Amino acid sequence: MTFLTFRFAPSPNGELHLGHAYSALLNQRMAARVGGRLLLRIEDIDTTRCTPQFEAGIFRDLEWLGLRWEQPVRRQSEHLAEYRAVLDRLITEELVYPAFMSRGEISAFIAEKGGRDWPRDPDGVPLYPPLDRALPARERKRRIADNLPFAWRLDVEAAMARVTADLSWVEFTDETMSATRAIEAQPQAWGDVIVARRDIPTSYHLAVVLDDALQDVSHVVRGKDLYAATGLQRLLQELLGLPQPRYFHHRLILGSDGRKLSKSFKDTGLAALRQAGMSPQDIGRLVGL
Ligand code: GLU
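Everything in the sequence shown is counted per this note's numbering, starting at 66 for the first residue and increasing by one.
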């Protein structure tokens, strides 16, 4: 018998807030409804911002909330060699290229060329200029030999040309999972995204698709803020021959100012709410569960 598998995948770069509580509890509820498994994954590849203290806080807050998950917990920072192997495949297949421009160079180039009209990705970040993609192989080699820092970026045009299957994903229309609809993936909206950063052989998108596959995740339940990213992740799944999970992108819990919660809003942090005397049931009510 195969079990349906859900996961909650926080990054230990701040304290959990009400938005995380909703996502974690919803994953638990949906998994319970179908007798599925619930995994916890620690997404800590960003070593400059993730800390063991935040990670310990995640375990403490989730246990307090009443969440139960399988052991062992996968910690992304312990699997860099696996990401490296997948990156090497993309390099060999010429689906990624070394991108040398610094943030300052990118902004200066865009200010000069397009200014406000320069296209942006769904998160509002300007698309990467096409200069490095056009570099001759000899020049790339020279720069790498000179130890110039670079990230690996996806050549999204080349990648799209490689994919023959229909690029869409299956989205549940609500948490009861009784109906689905097909959503057309639009990876080009992200331009040539980073698949491996200067300091680590992966990025969020690459690690997440590989981990979901390695952990047999069948159902990805996460916030609507990652809806558009799913199109890009579907492209990576196709390029790497990985199975596609089904998705449910849930509503976001907004702050009293109507904006998305961030890790710096102390008043919605779970630890602060617990210290203020709230119970796990109060948290459930606050997020509408
Ligand atoms: N680690 C991501 C975050 O904390 C979530 C990734 C995902 O659910 O796909 O925002």
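Every residue, glycine too, gets a C-beta built ideally from N, C-alpha and C. Just so it is clear, the structure is predicted and the values come from calculations on it, not from any experiment.
Notebook entry, point to check: So residue 285 and residue 270 are in contact, right, with Cβ under 8 angstroms, and what is the actual spacing, rounded?
Noted result: Translated into the one-based positions of the sequence shown, residue 285 becomes position 220. Translated into the one-based positions of the sequence shown, residue 270 becomes position 205. Contact flag wrong, Cβ pair sits at about 13 angstroms.
Check: Where DSSP assigns a beta bridge to residue 313, which residues make up the other side?
Finding: Here residue 313 corresponds to residue number 248 of the sequence shown, with the count starting at 1. The bridge partners DSSP lists for residue 313 are 286.
Notebook entry, point to check: Whose beta carbon lies closer than 6 angstroms to any heavy atom of the ligand GLU, going through the chain in order?
Noted result: Those residues that have a beta carbon less than 6 angstroms away from any non-hydrogen atom of the ligand GLU are, in order along the chain, 74, 75, 76, 108, 273, 287, 291.
Notebook entry, point to check: For residue 336 versus residue 293, is the C-beta spacing smaller than 8 angstroms?
Noted result: Residue 336 sits at position 271 when you count from the first residue of the sequence shown. Residue 293 sits at position 228 when you count from the first residue of the sequence shown. Contact annotation: residue 336 and residue 293 have beta-carbon atoms that are not nearer than 8 angstroms.
Margin query: So for residue 38, helix, strand or coil by DSSP?
Written below: With the chain covering 66 to 354 only, the question about residue 38 has no answer from this structure.
Notebook entry, point to check: Got a sec? Which residues, its chain only, sit under 6 angstroms from residue 313 by beta carbon, not counting five neighbours each side?
Noted result: The residue given as residue 313 occupies position 248 in the sequence shown. Around residue 313: 237, 286.
Notebook entry, point to check: Using the C-alpha atoms, what's the distance from residue 301 back to residue 120?
Noted result: Indexing the sequence shown from 1 puts residue 120 at position 55. Indexing the sequence shown from 1 puts residue 301 at position 236. Near 28 angstroms, if we compare the C-alpha coordinates of residue 301 and residue 120.
Checklist line | Distance, residue 209 Cα to residue 290 Cα | finding: Here residue 290 corresponds to residue number 225 of the sequence shown, with the count starting at 1. Here residue 209 corresponds to residue number 144 of the sequence shown, with the count starting at 1. Cα to Cα, residue 290 sits roughly 35 angstroms from residue 209.
Next item on the list: Rank 296, 158, 186 by C-alpha distance to the C-alpha of residue 251 and give the top, closest one.
Entry: Numbered from its first residue, the sequence shown carries residue 251 at position 186. Selected option, being the one with the closest Cα: 296.
Margin query: Between which two residues does the alpha helix (DSSP H) holding residue 157 run?
Written below: For the purposes of this step, residue 157 is identified with residue 92 of the sequence shown, where counting begins at 1. First-last of the alpha helix (DSSP H) with residue 157: 145-157.
Note to self: Just list the residues that DSSP pairs residue 161 with in beta bridges.
What the structure shows: Here residue 161 is taken as the residue at index 96 of the sequence shown, counted from 1. Answer is 219.
Notebook entry, point to check: What separation, rounded to the nearest whole angstrom, lies between the Cα atoms of residue 288 and residue 207?
Noted result: Here residue 288 is taken as the residue at index 223 of the sequence shown, counted from 1. Here residue 207 is taken as the residue at index 142 of the sequence shown, counted from 1. Residue 288 and residue 207: Cα-Cα distance of roughly 43 angstroms.
Next item on the list: Report buried or exposed for residue 230, applying the criterion of at least 16 other Cβ atoms within 10 angstroms of its Cβ.
Entry: Residue numbering aside, residue 230 sits at position 165 when the sequence shown is read from its first letter. Note on residue 230: under 16 other CB atoms within 10 angstroms of its CB, so exposed under the neighbour-count rule.
Check: If you draw a straight line from the alpha carbon of residue 257 to that of residue 222, how long is it in whole angstroms?
Finding: In the sequence shown, the residue the question calls residue 257 occupies position 192. In the sequence shown, the residue the question calls residue 222 occupies position 157. Straight-line Cα distance between these residues: approximately 8 angstroms.
Next item on the list: May I ask you to list the residues that DSSP assigns as paired with residue 334?
Entry: By one-based count along the sequence shown, residue 334 stands at place 269. In the DSSP output, where bridge partners are listed per residue, residue 334 has 82.
Item checked: Whole-angstrom C-beta distance between residue 84 and residue 318, which should lie under 8 angstroms -> Along the sequence shown, read from residue 1 onward, the residue named residue 318 stands at position 253. Along the sequence shown, read from residue 1 onward, the residue named residue 84 stands at position 19. Right, their Cβ atoms sit about 4 angstroms apart.
Margin query: Using a Cβ distance threshold of 8 angstroms, determine whether the stretch 94-110 contacts the stretch 262-282, with at least three qualifying pairs required.
Written below: yes
Next item on the list: My understanding is that residue 128 touches residue 228, with C-beta atoms under 8 angstroms, so please give their C-beta distance in whole angstroms.
Entry: Counted from its first residue, the sequence shown places residue 128 at position 63. Counted from its first residue, the sequence shown places residue 228 at position 163. Not confirmed; about 42 angstroms, so no contact.
Next item on the list: Specify whether the stretch 92-105 and the stretch 130-137 touch according to this definition: at least 3 beta carbon pairs, one from each stretch, less than 8 angstroms apart.
Entry: yes
Note to self: Which residue wins for smallest C-alpha separation from residue 276, given the options 166, 248, 310?
What the structure shows: As a first step, residue 276 is located in the sequence shown; it is residue number 211 there, counting from the start. Considering only alpha carbons, the answer is 310.
Check: From the DSSP output, which residues share a beta bridge with residue 249?
Finding: One-based indexing of the sequence shown puts residue 249 at position 184. Residue 249 is bridged to 233.
Check: Taking Cβ positions, are residue 116 and residue 77 nearer each other than 8 angstroms?
Finding: Taking the first residue of the sequence shown as position 1, residue 116 is located at position 51. Taking the first residue of the sequence shown as position 1, residue 77 is located at position 12. Yes.
Item checked: residue 261 - DSSP class collapsed to helix/strand/coil -> One-based indexing of the sequence shown puts residue 261 at position 196. Residue state, collapsed to three classes: strand.
Next item on the list: Report back the beta-carbon spacing between residue 187 and residue 175 to the nearest angstrom; my notes put them in contact at under 8 angstroms.
Entry: Here residue 187 refers to the residue found at position 122 of the sequence shown. Here residue 175 refers to the residue found at position 110 of the sequence shown. Actually they are not in contact, since the Cβ atoms of residue 187 and residue 175 sit about 17 angstroms apart, beyond 8 angstroms.
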